Amino acid sequence: MATKRMTSSFSDQVMSLVKHLRTDAPDCVASGVVDMSTGMLLSYETVENHPPEVLDLLAGATLDLFQGRTVVMIEDVFKERRGISSDNHFFQEILVNSENLTHLFVRLTEQQDVVAVVVCRKSVNVGMLFAQVRRVVREYSL
Numbered sequence: 000m001a002t003k004r005m006t007s008s009f010s011d012q013v014m015s016l017v018k019h020l021r022t023d024a025p026d027c028v029a030s031g032v033v034d035m036s037t038g039m040l041l042s043y044e045t046v047e048n049h050p051p052e053v054l055d056l057l058a059g060a061t062l063d064l065f066q067g068r069t070v071v072m073i074e075d076v077f078k079e080r081r082g083i084s085s086d087n088h089f090f091q092e093i094l095v096n097s098e099n100l101t102h103l104f105v106r107l108t109e110q111q112d113v114v115a116v117v118v119c120r121k122s123v124n125v126g127m128l129f130a131q132v133r134r135v136v137r138e139y140s141l
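Each residue of the sequence shown is one higher than the one before, counting from 0 in numbering that gives the first Met the number 0.
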């Protein structure tokens with residue numbers, strides 16, 4: 000199965016990643032992948048219909064969470080203080096709890112500008128959510 004992933008196109012890999020996140024993450028109601036270099040939602044699966052403008056806002060919100068102006072400033076200060084000249088980002092995972100849902104955002108290791116998003120029911124076991132999403136994301140070296 001890993002060989003198939005390596006030989007398939009980037010868009011096929013993204014769609015496969017979204018599908019695996021949707022099926023493997025516990026209590027998952029939606030999953031998606033955001034390209035922060037373009038600010039676009041590349042692919043998503045959801046159990047409900049959402050207005051397109053909400054999905055567009057998800058991509059922008061993900062960009063703000065990981066690479067908003069203030070976040071980049073914080074990273075730059077830490078890099079300068081630690082003598083780091085890498086382009087890698089410090090913020091790798093962000094968990095957001097809303098009134099009814101839990102949202103997990105995970106930056107891919109190989110592609111720092113690609114973030115996997117998983118939305119689950121609030122009742123989700125957060126430890127299992129992290130474990131499953133990390134496992135799935137690790138399988139995809141996009």
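Note that CB positions come from ideal geometry on N, CA and C, so glycine has one too. The structure displayed is predicted, hence computed values, not measured ones.
Secondary structure of residue 34 (DSSP, three-state): strand. Taking the CA atoms as reference points, residue 140 sits about 33 Å from residue 98. Measuring C-alpha to C-alpha distances from residue 90 to each of 121, 115, 70, 35 identifies 70 as the nearest. Segment contact: the stretch 42-56 against the stretch 70-80, fewer than three CB-CB distances shorter than 8 Å; contact not assigned. The Cβ atoms of residue 29 and residue 116 lie closer than 9 Å to each other.
Of 108, 88, 93, 104, the smallest CA-CA separation from residue 138 is found for 108. By alpha-carbon distance to residue 92, the top candidate from 46, 106, 132 is 106.
The C-alpha of residue 9 lies about 21 Å from the C-alpha of residue 59. Runs of the beta strand (DSSP E) lying entirely within the stretch 75-125, each at least 3 residues long, are 92-96, 100-106, 113-120 in chain order.
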